[in-house]
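Peer 1: Those letters in the sequence shown? Residues 382 to 527, per my numbering, in order.
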Amino acid sequence: MYHATVNNSAKWDIEPGKKSFEGKMDGQDYSLDVVVQDGRYHVLMNDKSYNVEVIEIKAEEKTLVMKVNNAIQTVVLKDRFDDLLKSLGMEGASKAKLKDIKAPMPGMVLNILVEAGAEVKKDDALVILEAMKMENVIKSPAEGGR
């Protein structure tokens with residue numbers, strides 16, 4: 382069972398079936414006809430046609446951004462493990478937590494771009510490292526605390 386939230390508003394419970402593109406959505410049976418062409422999908426469901434293009438997949442966040450009939454849709458999927466973590470008060474415990482960041486190669490630190498105790502977001506530049514006569518920007522691989 383999956384819980385899908387679209388654009389932070391519409392919510393559906395989805396239970397995939399044994400065959401691809403079949404199952405139950407909010408307790409109702411569904412069956413999709415899907416044709417894939419050039420990375421785009423043409424979907425028929427309940428006598429309605431949808432053109433779908435996947436724009437971005439954020440696996441860590443379990444989020445999918447797609448264009449459905451030229452409208453951008455953001456879908457968040459949660460599974461039974463997410464439900465269990467939430468019931469135990471551990472929602473968000475699966476997010477990466479880092480104490481150390483390691484350089485991809487030995488080098489010399491030229492500049493530190495953040496202050497001690499600063500809050501860091503994913504992909505924030507942290508350090509300029511010189512290695513093999515090149516300057517490399519080391520970025521945060523995940524959200525970080527203070």
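In this text, a Cβ means the ideal position worked out from N, Cα and C, and glycines have one as well.
Taking its Cβ as the centre, do 16 or more other Cβ atoms sit within 10 Å of L510, making it buried, or is it exposed?
Peer 2: Flag for L510 reads buried.
Peer 1: Cutting at 7 Å between CB atoms, please list the residues of its own chain near E434, excluding the five before and the five after it.
Peer 2: So the list reads R421, M447 and K448, once near-sequence residues are dropped.
Peer 1: Unbroken alpha helix (DSSP H) runs of length 4 or more, entirely within the region 433 to 486: which are they?
Peer 2: Fully enclosed alpha helix (DSSP H) runs of 4 or longer: 461 to 468.
Peer 1: Out of D504, G498, G470 and E442, which one is the CA nearest neighbour of K459?
Peer 2: Measuring from the Cα of K459, the nearest candidate turns out to be E442.
Peer 1: When the Cα of M382 is compared with those of N450, L465 and K520, which residue comes out closest?
Peer 2: Answer by Cα proximity: L465.
Peer 1: Which whole-angstrom value is the C-beta distance of G404 and P397, which I expect to be below 8 Å?
Peer 2: Their Cβ separation, rounded to whole angstroms, is 4 Å, which keeps G404 and P397 in contact under 8 Å.
Peer 1: For T404, which residues does DSSP report across the bridge?
Peer 2: According to the sequence provided, residue 404 is Gly. The question's Thr does not apply to it. P397 and Y411, per the DSSP bridge assignment.
Peer 1: Could you tell me whether the Cβ atoms of V417 and F402 are closer together than 8 Å?
Peer 2: Contact flag unset, no.
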